[in-house]
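Take the sequence shown: its letters are residues 156 to 308, numbered as in my numbering. We put the CB at the ideal spot given by N, CA and C, even for glycine. Since the structure comes first, as structure tokens, the remarks are kept for the end.
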Amino acid sequence: MDKTALVVGGARGIGAAMVRQLVQDGWQVAFSYCHSEDAALALAGRTGAHALRGDVRDEAQASGLVRQALDALRHLDAVIYNAGVSYWGLASQMSTADWDQVFSVNLRGAFLLTRQLIPHLVARQTGSLLFISSMWGLRGASCEAAYAASKAG
């Protein structure tokens, strides 16, 4: 049986590199994106991976991503949570809305997806959840208080 993976936040950067490597290694892959449609469609075209649009901050969309991934791949051996946003600036000048957005993507989204995935992973009695963090989660970062705190989460 083919190994399968869902890369959450896979359209650009590190996520896209993970998608390309997994496909190269013979995995069947789906990946999610929120805003980077052009990059997502280009990556899907180059790799054959399934591009799934959804906003992990929204409970219904997070649930939908899991359903779409399972429809496309039939099962999930690995889920890599790579979705992340940052805010650059002093915490004293950061709005509550900006703080909430960083935590909604970086932590809440991870929780929402994990909660949806657990029944499938338990039923199969196998599978891995990987959460991509950052060195800033260990050390902190000047001008990135919300990002550092969310990655330590």
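Quiz item: Are there three or more Cβ pairs, one per stretch, closer than 8 Å when the segment 281-297 is compared with the segment 213-227?
Solution: Contact check between the segment 281-297 and the segment 213-227: fewer than three CB pairs, one atom from each, fall below 8 Å, which does not count as touching.
Quiz prompt | Beta-carbon gap between residue 311 and residue 308 smaller than 8 Å | solution = Residue 311 lies beyond the stretch modelled for the chain, which goes from 156 to 308, so this question has no answer here.
Practice problem: Using the Cα positions of residue 275 and residue 230, report the straight-line distance between them to the nearest angstrom. | Solution: In the sequence shown, the residue the question calls residue 275 occupies position 120. In the sequence shown, the residue the question calls residue 230 occupies position 75. Residue 275 and residue 230: Cα-Cα distance of roughly 8 Å.
Quiz item: Helix, strand or coil for residue 236 per DSSP?
Solution: The sequence position of residue 236 within the sequence shown is 81, counting from 1. Three-state result, residue 236: strand.
Exercise. Decide if residue 173 is buried, meaning its Cβ has at least 16 other Cβ atoms within 10 Å, or exposed.
Key: Residue 173 sits at position 18 when you count from the first residue of the sequence shown. With 16 or more other Cβ atoms within 10 Å, it is buried.
Self-check item: Spatial neighbours of residue 298 in its chain, beta-carbon cut-off 8 Å, leaving aside the 5 residues before and after
Solution: Working through the sequence shown from its first residue, we reach residue 298 at position 143. If we look at residue 298 and ignore the five residues flanking it on each side, its Cβ neighbours are 243, 244, 245.
Quiz item: Contact check, residue 175 vs residue 191 under 8 Å by CB: the rounded distance?
Solution: Along the sequence shown, one-based indexing puts residue 175 at 20. Along the sequence shown, one-based indexing puts residue 191 at 36. Contact between residue 175 and residue 191 is absent: CB atoms are separated by about 15 Å, not below the 8 Å threshold.
Quiz item: Going by Cα to Cα distance, which pick from 165, 253, 169, 181 is closest to residue 158?
Solution: In the sequence shown, counting from the first residue as 1, residue 158 sits at position 3. Among 165, 253, 169, 181, the Cα nearest to that of residue 158 is on 181.
Practice problem: Report the rounded CA-to-CA distance for residue 160 versus residue 247, giving the unit in angstroms. | Solution: By 1-based counting over the sequence shown, the position of residue 160 is 5. By 1-based counting over the sequence shown, the position of residue 247 is 92. So the alpha carbons of these two residues sit roughly 40 Å apart.
Quiz item: When you compare only the Cα positions, how much space is there between residue 194 and residue 163?
Solution: Here the question's residue 194 lines up with position 39 in the sequence shown. Here the question's residue 163 lines up with position 8 in the sequence shown. Between the C-alpha atoms of residue 194 and residue 163 there is a straight-line separation of about 14 Å.
Quiz item: In whole angstroms, what is the alpha-carbon distance linking residue 303 and residue 293?
Solution: Indexing the sequence shown from 1 puts residue 303 at position 148. Indexing the sequence shown from 1 puts residue 293 at position 138. In a straight line, the C-alpha of residue 303 is about 8 Å away from that of residue 293.
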